[in-house]
Amino acid sequence: MEFGIVSREIIKPSSPGLHLPKPFQLSFLDQLIPNAAFVPLILFYRIKDNAHFSNLHISAKLKKSLSDTLNSLYPVSGRVKNNLFIDDFEQGVPYIEAHVGSRMSDFLQHPKLELLNQFVPFQPQESNPESIALLAIQLNVFDCGSVALGMVASHKIFDGSTLSLFLKKSSWFNQGKYKMMRFVFDARAIATLKGKAKSENVVNPTRIDAMTGFIWKSILAASKKASVGAYKPSMFVQAVNIREKMMPPLSSNFIGNGFLWASAVCDFANIDAELHEHVILLREAYAKTESFLNVHRGDTRLQGISEYLKSLEEISKENPEDFCFSSWLNFGFGEADFGWGKPVWVGLVGEIGAMVRSSIVFQKADWNAGGIETWITLREKEMEILENDPDFLQYASPNPSIIIPSDCL
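By full-length UniProt numbering, the letter at position 274 of the sequence shown is numbered 274, and the numbering carries on one by one without gaps.
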């Protein structure tokens, strides 16, 4: 499948005088995020053969919407300075248009994940000097007229909620070698796992509780088999959205990182623990984070932040192998409608650098059928073991075809 760059330009705010003249201050949580941390996202849209949605029309609409959005979300148009603030809001957002020598239906029928990196404007594993844009967008047009909108957003100001806010506001809303793999759990598999995750301590586990516990347990087994005696404890880390848990809750228009890590450690002595035992560990980690938020408010907030960081430091002394989980189920990426309908699929990229190694992202699959996709990044050897684990594959389907209503015409 061939990709060809058609054009490159910079999109700037349509009314630059509207944004505030003062630099945008990075929060303490924003400053903790490395410069090289990026959030990739690719939205696939099926465009019917309709003159109203010609390529020129789509491009013009997209660029205008982006330019208008930068008036209100002006920090996105700027550049990070000294890891303290964002300035130079007139710099703008790089925008690329590319042609894809294939039909979207052909690509989605047998998705080659390694090609997904071609759909984004630059690679997540590339270095990030401070002068680089906080967001870059690439519109990919297939031979059939359907499009894939690829973007790479700096984690300095974009967590999942901020990226979701940006899409909605836009009026359409290596060390070592790592491999990313997409697995799909259908509704029946999830229901079975929820049943196995129940216990006296956790009477009603959520879908994410059950899937997180199951995947963590499966990864532990793969990691142990791959390590050949060089055992390390395993640390579960879950991004917890604290926007609505703050007192008062953060505004829905808040820009920046609004999450904390909930963490739990499991050593290899407990490698054969049952699923419900892993879920108990997860719930204890969530409860600890909730307690931290409830206790430290107002004048004690700085003290609380210090204690939170010390707790992470204490866990890190064991030098555990950390596995970072993040649920995108409620961010609404599948609702992003640019005027030509909602995406038929939402993807990440097929190859990610070490900055987001050992990561697991949950998002909706076949949007109305109750399934969940998991995008898992592991060392190649661990992934090879996981891909061939019959206990894991009893519930997870590796990289199945994406179901769309009909072929792209």
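Virtual Cβ for every residue (Gly too), placed ideally from N, Cα, C.
Buried versus exposed call for residue i [16 or more other C-beta atoms within 10 Å across all chains shown]
i	result
Asp322	buried
Val152	buried
His110	exposed
Val237	buried
Asp272	exposed
Gln138	buried
Glu9	exposed
Glu284	exposed
Ala60	exposed
Trp172	Note that Trp172 scores a pLDDT of 45, beneath 50, so its modelled location is shaky; the value from the coordinates is reported in the next line. That one is buried.
Phe338	buried
Ile5	exposed
Leu309	exposed
Pro390	exposed
Ile372	buried
Gln175	Low local confidence applies: a pLDDT of 49 at Gln175 is under 50, so the model's placement there is unreliable, with the coordinate-based value given in what follows. Classification of Gln175: exposed, given that the 10 Å Cβ count is below 16.
Val240	buried
Gln363	buried
Ala51	Caution applies to Ala51, whose pLDDT of 48 falls short of 50 and renders its modelled position unreliable; the value that the coordinates give is listed next. With fewer than 16 other Cβ atoms within 10 Å, it is exposed.
Ser401	exposed
Ala369	exposed
Gly145	buried
Ile215	buried
Val203	exposed
Ser234	buried
Ala365	buried
Ile255	buried
Asn253	exposed
Lys112	exposed
Lys64	exposed
Phe392	buried
Leu56	exposed
Ile86	buried
Start-to-end residues for the alpha helix (DSSP H) that takes in residue i
i	result
Gln31	Phe28 to Leu32
Thr212	Arg207 to Ser227
His391	The sequence given here has Asp at residue 391, not His. Segment Pro390 to Leu393, the alpha helix (DSSP H) holding Asp391.
Expected contact under 8 angstroms - CB spacing of residue i and residue j to nearest Å
i	j	result
Glu90	Pro16	6 angstroms
Asn399	Arg188	That belief does not hold up - the Cβ atoms of Asn399 and Arg188 are roughly 19 angstroms apart, past 8 angstroms.
Gly101	Met1	6 angstroms
Phe44	Gly258	Actually they do not touch by this definition, with Cβ atoms about 27 angstroms apart.
Val279	Ala191	Not a contact, Cβ separation roughly 15 angstroms.
Ser164	Gly332	5 angstroms
Ile33	His155	5 angstroms
Arg79	Phe142	At roughly 33 angstroms, the Cβ-Cβ gap does not stay under 8 angstroms, so Arg79 and Phe142 are not in contact.
Leu84	Val76	At roughly 17 angstroms, the Cβ-Cβ gap does not stay under 8 angstroms, so Leu84 and Val76 are not in contact.
Leu378	Tyr178	7 angstroms
Ser27	Val184	With a Cβ gap of about 35 angstroms, Ser27 and Val184 do not count as contacting.
Ile58	Trp340	7 angstroms
Val344	Leu116	The Cβ separation is near 15 angstroms, so there is no contact.
Arg243	Ser326	That pair is no contact at about 14 angstroms.
Pro94	Ala148	The pair is not a contact, with the Cβ atoms about 17 angstroms apart (cut-off 8 angstroms).
Pro320	Val265	6 angstroms
His276	Ser218	With 8 angstroms as the limit, His276 and Ser218 do not qualify as a contact, their Cβ atoms being about 15 angstroms apart.
Residues that DSSP places opposite residue i in a beta bridge
i	result
Asn241	Phe259
Trp345	Phe44
Gln123	Beta-bridge pairing links Gln123 to no other residue.
Glu373	Val184 and Gln363
Asn140	Ala98 and Ala148
Ala36	Ala36 pairs with nothing; no bridge assigned.
Leu135	Ala153
Pro398	Phe183
Val265	Met235
Phe24	Ile86
Span of the beta strand (DSSP E), counted from its first residue to its last, around residue i
i	result
Phe107	No beta strand (DSSP E) contains Phe107, which is instead part of the alpha helix (DSSP H) from Met104 to Gln109.
Lys381	Run containing Lys381: none in the beta strand (DSSP E); it sits in the alpha helix (DSSP H), Glu380 to Glu387.
Ala365	Ser359 to Ala365
Gly4	Phe3 to Ile11
Ser327	Glu321 to Ser327
List in chain order: all unbroken alpha helix (DSSP H) runs of 4+ residues lying wholly within the region 67-119.
-> 104-109
Could you pull out every unbroken beta strand (DSSP E) segment of at least 3 residues lying fully inside the region 144-181, listed in chain order?
-> 147-154
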